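Colleague: Attaching a single structure in structure tokens format; questions to follow.
Residue numbers (our numbering), protein chains in the order written: chain A, 16 to 209; chain B, 11 to 262.
Right, dumping it as structure tokens:
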């Protein structure tokens, strides 16, 4: 299997995992998480909207071709599905989930003008989201929520690999990426979230 | 004698010119509208149209007054909850969204508690002031804290106020270490307070609605006033005071 087929296969696998997570989530709604735990979902939802917007603008700019372009189209769908799962999680927990229209994303003017700028920005977003999902997957009290975050972690890691390759870097990086707290990730992405 | 007559004639001319001038400057001959509006709209509404009669307070208090028969022509609320309550009760016409806002945490310029991030509220010893839960900004404050997973900081609240202006005043005067207000109120006291941003992902959906009160004797003028508020002039005035553009889905 060449690298392109490998990436496509793993992306498809990630979508399957996310669906499984959503199914598990339905059964967990009676369990209830604390507000502190639901903060991961509020952050994740906003960043998934940001990512979906990023992929939409990147693919519309036609900066990439072939497999990379197709993977970015697929990644947009991943972000939208993650957002749907997190919306359901929040609504089931009694919170009023944000919608995309609540945000005015603030992209730097140069973001979608070159492959380098776009992929760098995308990588920054995915790496911060990945760090927060890792923390959520290991710290939340509700097992079904942990499963959801674990599957989303796997998928966002695939997206990071695609963006890393688009920058001409390796698709595999360090063995143990760091988990992130909400405050650090918020500080890193606040400028983009508007 | 001639000099006295000249002075008297000049004085009479001056008075008549002044009267003529004031009549020309008056924007309308009809009676002013009575507009009940959220406290956060105080500065912008007065600047937009100083000729009307205003009553500014917490939207929940204004809703109660209108229920009790207060003689308002228009009601502008900082939360759709209050206007929709009155609409369901048949007391106002269908409300329209006219602007949006965001929340901020403010601290006195001297910043005695040493707050630099909203997350510092968790760890620092803070005298926090918020609006009561039934006041729109008080409800929004609780939404922010819940989204951030920081509802526990409500244990640090030393005072619950009846409207946003009271929260702003207490922090500006240094009677509290921090308070949650609208960004528009923070701007009004920018020389006395510092603003700490609330993350975009934790912001509540702050929407302002306005409606004509059904008991109004001046409905035509009230509807015209709403049109002015929704016009480019009205929206520019709101933006100049820091309000957010009309939400995409609510735009007419």
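By construction, the Cβ of each residue, glycine as well, lies at the ideal position given by its N, Cα and C atoms. Remember, it's a predicted structure, so these values are computed and weren't measured experimentally.
For residue 194 of chain A, I'd like the list of residues in its chain whose CB is within less than 6 Å of its CB, leaving aside the five on either flank, ordered along the chain.
Modeller: As a first step, residue 194 of chain A must be located in the first chain, where it is residue number 179. These residues qualify, in order along the chain: 146, 149, 150.
Colleague: Any beta-carbon of chain A closer than 8 Å to the one on residue 149 of chain B?
Modeller: The count along the second chain starts at 1 and reaches residue 149 of chain B at position 139. Output row for residue 149 of chain B: interface = no.
Colleague: Sorted by chain position, which residues of the same chain lie with C-beta nearer than 6 Å to residue 52 of chain A's C-beta, five sequence neighbours on each side aside?
Modeller: Taking the first residue of the first chain as 1, we reach residue 52 of chain A at position 37. Counting only Cβ-Cβ distances below 6 Å, and skipping sequence neighbours, we find 155.
Colleague: Considering only residues of the same chain and omitting the five flanking positions on each side of residue 104 of chain B, which have a CB-CB separation below 8 Å?
Modeller: Within the second chain, numbered from 1, the residue matching residue 104 of chain B stands at position 94. Cβ neighbours of residue 104 of chain B beyond the five flanking positions: 97, 221.
Colleague: So which residues of chain E does residue 159 of chain B contact, with C-beta pairs closer than 9 Å?
Modeller: No chain E appears in the structure shown, which is made up of the protein chains A and B.
Colleague: Closer than 7 Å by beta-carbon distance: list the chain B residues that pair up with residue 117 of chain A, in chain order.
Modeller: Locating residue 117 of chain A in the first chain gives position 102, where the first residue counts as 1. The contacting residues are 215.
Colleague: Based on the DSSP secondary-structure assignment, which residues constitute the bridge partners of residue 111 of chain B?
Modeller: As a working note, residue 111 of chain B is residue 101 in the second chain. DSSP output for residue 111 of chain B lists B:216 as bridge partner(s).
Colleague: Cutting at 7 Å between CB atoms, please list the residues of its own chain near residue 62 of chain A, excluding the five before and the five after it.
Modeller: Along the first chain, one-based indexing puts residue 62 of chain A at 47. Excluding residues within five positions, the ones whose Cβ falls inside 7 Å are 140, 144, 204.
Colleague: Indicate whether residue 117 of chain B and residue 137 of chain B have their beta-carbon atoms separated by less than 8 Å.
Modeller: The count along the second chain starts at 1 and reaches residue 117 of chain B at position 107. The count along the second chain starts at 1 and reaches residue 137 of chain B at position 127. No, these two residues do not count as a Cβ contact at 8 Å.
Colleague: My output table needs one value for residue 254 of chain B: the three-state DSSP class, helix, strand or coil.
Modeller: Residue 254 of chain B sits at position 244 when you count from the first residue of the second chain. Correct three-state label for residue 254 of chain B: strand.
Colleague: Using beta carbons (cut-off 8 Å, strictly below), is residue 90 of chain B in contact with chain A?
Modeller: For this step, residue 90 of chain B is matched to residue 80 along the second chain. Taking Cβ atoms only, chain A never reaches closer than 8 Å to residue 90 of chain B, which makes this a no.
Colleague: With the cut-off set at 8 Å, would you say residue 95 of chain B and residue 216 of chain B are in Cβ contact?
Modeller: Residue numbering aside, residue 95 of chain B sits at position 85 when the second chain is read from its first letter. Residue numbering aside, residue 216 of chain B sits at position 206 when the second chain is read from its first letter. Cβ distance not < 8 Å, so residue 95 of chain B and residue 216 of chain B don't count as in contact.
Colleague: Out of curiosity, what's the CA-to-CA distance linking residue 126 of chain A and residue 107 of chain A?
Modeller: Taking the first residue of the first chain as position 1, residue 126 of chain A is located at position 111. Taking the first residue of the first chain as position 1, residue 107 of chain A is located at position 92. Cα-Cα distance, rounded: 36 Å.
Colleague: Got a sec, what are the start and stop residues for the alpha helix (DSSP H) residue 237 of chain B sits in?
Modeller: Counted from its first residue, the second chain places residue 237 of chain B at position 227. Where residue 237 of chain B is concerned, the enclosing alpha helix (DSSP H) stretches over 229–240.
Colleague: Determine the direct distance from the alpha carbon of residue 60 of chain A to that of residue 41 of chain A, and round the result to whole angstroms.
Modeller: In the first chain, the residue the question calls residue 41 of chain A occupies position 26. In the first chain, the residue the question calls residue 60 of chain A occupies position 45. Its pLDDT being 34, under 50, residue 41 of chain A is placed unreliably by the model, and nothing is read from it.
Colleague: For residue 208 of chain A, decide whether its Cβ has a neighbour in chain B, counting only Cβ atoms nearer than 8 Å.
Modeller: Position 193 of the first chain holds residue 208 of chain A. Closer than 8 Å: yes.
Colleague: Would you list, in chain order, the members of the region 187–208 of chain B that have their beta-carbon closer than 9 Å to a beta-carbon of chain A?
Modeller: Residues 207.
Colleague: By DSSP, does residue 192 of chain B sit in helix, in strand, or in coil?
Modeller: As a first step, residue 192 of chain B must be located in the second chain, where it is residue number 182. Strand.
Colleague: Using 8 Å as the limit for Cβ to Cβ distance, is residue 212 of chain B near chain A?
Modeller: To locate residue 212 of chain B, count along the second chain from 1; it is residue 202. Judged by the 8 Å Cβ criterion, residue 212 of chain B is in contact with chain A.
Colleague: So, using beta-carbon positions, are residue 54 of chain B and residue 192 of chain B closer together than 8 Å?
Modeller: The count along the second chain starts at 1 and reaches residue 54 of chain B at position 44. The count along the second chain starts at 1 and reaches residue 192 of chain B at position 182. No, Cβ-Cβ distance for residue 54 of chain B and residue 192 of chain B is not below 8 Å.
Colleague: What number of angstroms, rounded off, separates the C-alpha of residue 32 of chain B from the C-alpha of residue 68 of chain A?
Modeller: On the second chain, position 22 is the one that residue 32 of chain B refers to. On the first chain, position 53 is the one that residue 68 of chain A refers to. Its pLDDT being 37, under 50, residue 32 of chain B is placed unreliably in this model, and the value from its coordinates should be taken loosely. So the alpha carbons of these two residues sit roughly 55 Å apart.
Colleague: At a Cβ threshold of 8 Å, is residue 129 of chain B touching chain A?
Modeller: Within the second chain, the letter at position 119 stands for residue 129 of chain B. Output row for residue 129 of chain B: interface = yes.
Colleague: Taking the C-alpha atoms as reference points, what is the distance between residue 76 of chain B and residue 48 of chain B?
Modeller: On the second chain, position 66 is the one that residue 76 of chain B refers to. On the second chain, position 38 is the one that residue 48 of chain B refers to. Looking at the two C-alpha atoms, the distance is approximately 13 Å.
Colleague: Just verifying my parser: in three-state terms, what is the DSSP assignment at residue 99 of chain A?
Modeller: Taking the first residue of the first chain as 1, we reach residue 99 of chain A at position 84. Residue 99 of chain A: helix per DSSP, three-state reduction.
Colleague: Counting along the chain, where does the alpha helix (DSSP H) carrying residue 131 of chain B start and finish?
Modeller: Residue 131 of chain B sits at position 121 when you count from the first residue of the second chain. Unbroken alpha helix (DSSP H) run through residue 131 of chain B: 130–133.
Colleague: Identify whether residue 66 of chain B lies in helix, strand or coil by the three-state DSSP scheme.
Modeller: Locating residue 66 of chain B in the second chain gives position 56, counting from the first residue. Note: residue 66 of chain B maps to strand in three-state DSSP.
Colleague: If the cut is a Cβ gap below 9 Å, which residues of chain B does residue 205 of chain A touch?
Modeller: What you label residue 205 of chain A is simply residue 190 of the first chain in a count that begins at 1. Here the neighbours are 207, 209, 210, 211.
Colleague: Indicate the three-state DSSP secondary structure (helix, strand or coil) for residue 169 of chain B in the structure shown.
Modeller: What you label residue 169 of chain B is simply residue 159 of the second chain in a count that begins at 1. If DSSP states are grouped into helix, strand and coil, residue 169 of chain B belongs with the strands.
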